[in-house]
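**Student:** Under the numbering used here, the first residue of the sequence shown is numbered 1, with each subsequent residue one higher. Quick one: this structure, given as structure tokens, is what I'll be asking you about.
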Amino acid sequence: MNKFQLKATSGELAGQKWPLAETMVLGSVNTCEIILAGELIAPQHAQLVTTDTAVSLQALQGEVIVNGEQIQQASLGSGDEIRLGNCRFMLQAPGLRPQRVLQPAALQKKSRAGLWLALGLAAIAGAGAAAWQQGLLPF
């Protein structure tokens, strides 16, 4: 059983999901496995090739953008964004977290020391201003 699926994230297909077969063509003609609409979509725009462990994407007749970069061919991972014309998709592998989420920078807990310092200073300044207005300070 294949663990990969493609999810439309924008356009008129937004929210729809397709389990990936061994080979799938995306484009504007009825012979494609995933039919897309739009003037920027070629008849056979791109092709997905899936194995048990990997997915690759190849541009056929149209421009293909993966994670913001134009490609002719690319290996995909869970969470990768694919753009074909005005259609956006995300490759999903249920049960697998996207690789970019697992990077050390993403796993590090962000410090909130600056936020707490700013809130503390604001509280002190507010209390001081209130005490001064009520005449509780000698200056």
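Glycine residues also receive a C-beta, built at the ideal position from the N, C-alpha and C atoms.
1) What separation, rounded to the nearest whole angstrom, lies between the Cα atoms of TRP18 and ALA113?
2) For VAL64, tell me which candidate among ILE41, THR9, GLY126, ALA21 has the shortest Cα-Cα distance.
3) Quick check: the Cα distance between ILE34 and GLU69, rounded to an integer number of angstroms?
4) Thinking LEU48 and ALA74 are a contact (beta carbons under 8 Å), I'd like their distance in whole angstroms, please.
5) According to the Cβ coordinates, are PHE89 and ALA8 closer than 8 Å?
6) Which of the three DSSP states, helix, strand or coil, is assigned to ILE124?
7) So what does DSSP say about ALA46, is it helix, strand or coil?
8) Can you give me the C-alpha to C-alpha distance between GLY27 and LEU119, rounded to a whole angstrom?
9) Residues in its own chain within less than 6 Å of THR23 by CB, not counting five upstream and five downstream?
10) In whole angstroms, what is the alpha-carbon distance linking LEU115 and ASN67?
**Tutor:** Concretely, from the data shown:
1) 44 Å
2) ILE41
3) 22 Å
4) Not really, about 11 Å apart at Cβ, beyond 8 Å.
5) yes
6) helix
7) strand
8) 53 Å
9) VAL49
10) 32 Å
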